[in-house]
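In UniProt numbering, the protein residues as written are 1 to 355.
Glycine is no exception: its CB is placed at the ideal position from the N, C-alpha and C atoms.
I have placed the structure first, in the form of structure tokens, so that the comments after it can refer back to it.
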Ligand code: FA5
Ligand code: MG
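Have a look at this one:
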């Protein structure tokens with residue numbers, strides 16, 4: 001029996017596989033030899049022309065060639081895959097010695113920080129936080145606060161109007177009226193209401209046409225002026241330290257009776273008088289008083305049973321006093337050179353002295 005054809009095919013394959021350098025040529029070679037019409041398959045087809053004696057030896061020789069070719073192809077496949085992986089790894093090498101990309105992190109705005117500090121203080125005293133609307137009705141901004149349409153005290157807070165009855169709120173006091181109305185005459189009420197307010201004020205070092213306020217309202221049985229005074233004194237000490245002086249000055253608001261305004265000694269001149277405090281030595285931070293019986297009554301509370309106090313403070317002024325900022329407009333001009341100075345406080349520790 002002549003098996004020279006078989007060894008010729010094996011030799012030809014062994015030569016051809018040496019020149020294969022990629023997956024595609026290997027696949028072509030596999031088809032050329034092992035495919036349906038391939039050379040090894042062709043050898044198998046010859047079997048039928050052989051005698052019974054020759055067939056087993058021929059079959060065994062063809063099988064040997066087939067398994068030789070199969071295993072060489074498998075080895076080559078693995079080798080090519082490894083080469084490709086190595087090449088990819090080389091290409092994707094990460095240079096760990098390169099400097100990393102830096103991310104520019106922001107930090108809380110000094111005003112947001114101050115509002116949070118104030119909220120924390122009052123939450124500690126058991127107050128809840130209530131929210132209202134920046135676009136408000138004339139009724140809640142004025143009338144429900146004992147300021148009917150013709151009341152001259154409306155001039156103290158001129159606003160931006162959308163229509164005769166809709167305006168940008170001039171203070172956070174409408175949230176008092178809304179909160180009391182929602183409680184349907186049932187005390188106790190103990191809330192603070194932070195938010196933005198708007199006024200037709202001309203801007204200067206301590207006035208902005210848009211600023212923030214935090215309203216406070218406590219309504220219960222047996223609430224007295226001494227409760228208001230104690231709360232405000234505690235607040236001032238917590239915010240500004242025990243050495244800063246505060247002063248309660250008799251004032252007027254149509255929705256409180258009696259009314260007081262609270263001033264803090266100026267951080268810049270320490271009371272001597274300067275441009276920040278308009279030569280007075282003091283900066284006003286809030287208005288307050290005992291809730292007027294008419295306001296209680298309009299909101300559904302019986303003034304013979306309930307009494308309360310309310311205050312409205314300006315966090316802008318408080319932040320100015322706390323951090324020694326000379327112009328309120330700094331809060332609203334978004335100058336990063338100003339805002340970034342407060343980043344240092346991120347790591348904890350109040351660094352107000354150094355700013
Ligand atoms: C009021 O707005 C009253 N609603 C406060 C109040 C509430 C009194 C509850 C009684 C009971 P006043 O107009 O004084 O009051 O403003 C309160 C505080 O807001 C001021 O003390 C000041 O800190 C701040 N403020 C007022 N106008 C401006 C402004 N244009 N820019 C920045 N802060 C201001
Ligand atoms: Mg005032």
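With burial defined as no fewer than 16 other Cβ atoms inside 10 Å of the residue's Cβ, what is the status of residue i: buried or exposed?
| i | result |
| --- | --- |
| residue 310 | buried |
| residue 349 | Since pLDDT at residue 349 reaches only 44, below the 50 mark, its modelled position is unreliable, and the value read off the structure follows with that caveat. The residue in question, residue 349, is exposed, as its Cβ has fewer than 16 Cβ neighbours within 10 Å. |
| residue 335 | exposed |
| residue 279 | exposed |
| residue 261 | buried |
| residue 146 | buried |
| residue 79 | exposed |
| residue 224 | exposed |
| residue 47 | exposed |
| residue 82 | exposed |
| residue 37 | exposed |
| residue 161 | exposed |
| residue 167 | buried |
| residue 241 | exposed |
| residue 316 | buried |
| residue 354 | Interpretation of residue 354 is limited by its pLDDT of 37, a score under 50 that renders its predicted location unreliable; no figure is taken from the coordinates. |
| residue 138 | buried |
| residue 53 | exposed |
| residue 173 | buried |
| residue 144 | buried |
| residue 12 | exposed |
| residue 122 | buried |
| residue 4 | exposed |
| residue 29 | buried |
| residue 384 | The chain is shown from 1 up to 355; residue 384 falls before or after that span and cannot be answered. |
| residue 100 | exposed |
| residue 87 | exposed |
Just to check my reading of the structure: residue i and residue j have Cβ atoms closer than 8 Å, yes? What is that Cβ distance to the nearest angstrom?
| i | j | result |
| --- | --- | --- |
| residue 65 | residue 31 | Residue 65 to residue 31, Cβ: 16 Å. No contact. |
| residue 356 | residue 194 | This structure cannot settle anything about residue 356, because the visible part of the chain is limited to 1 through 355. |
| residue 205 | residue 328 | 6 Å |
| residue 287 | residue 259 | 7 Å |
| residue 109 | residue 339 | 6 Å |
| residue 300 | residue 181 | 6 Å |
| residue 255 | residue 292 | 5 Å |
| residue 187 | residue 220 | 5 Å |
| residue 171 | residue 210 | Going by Cβ atoms, the distance from residue 171 to residue 210 rounds to 13 Å, so no, they are not a contact pair. |
| residue 20 | residue 76 | 6 Å |
If you measure from the CB of residue i, is any heavy atom of the ligand FA5 nearer than 8 Å?
| i | result |
| --- | --- |
| residue 380 | Nothing about residue 380 can be reported from this structure: the residues present for the chain run from 1 to 355 only. |
| residue 195 | no |
| residue 176 | yes |
| residue 201 | yes |
| residue 181 | no |
| residue 255 | yes |
| residue 310 | yes |
| residue 156 | yes |
| residue 215 | yes |
| residue 327 | no |
| residue 171 | yes |
| residue 313 | yes |
| residue 289 | yes |
| residue 211 | yes |
| residue 316 | yes |
| residue 207 | yes |
| residue 259 | yes |
Shorter than 8 Å, the distance from the beta carbon of residue i to the closest heavy atom of the ligand GTP, or not?
| i | result |
| --- | --- |
| residue 25 | As far as ligands go, the structure on display features the ligand FA5 and the ligand MG and does not contain the ligand GTP. |
* Which ranges does the alpha helix (DSSP H) cover as unbroken runs of at least 4 residues, wholly within the stretch 112 to 162, from first to last along the chain? -> 138 to 141
* To do: Report all residues for which the CB-ligand distance to some heavy atom of the ligand MG is below 6 Å; order them along the chain.
  => 261, 284, 287
* To do: Please go through the stretch 191 to 233 and give each complete beta strand (DSSP E) segment of 3 or more residues, from N-terminal end onward.
  => 210 to 220
* Mind pulling the alpha helix (DSSP H) runs of 4 or more residues that sit fully within the stretch 8 to 94? -> 23 to 34, 39 to 45, 54 to 91
* Asked: Which runs of the beta strand (DSSP E), 3 residues or longer, sit entirely within the stretch 248 to 332?
  -> 256 to 265, 282 to 291, 307 to 313
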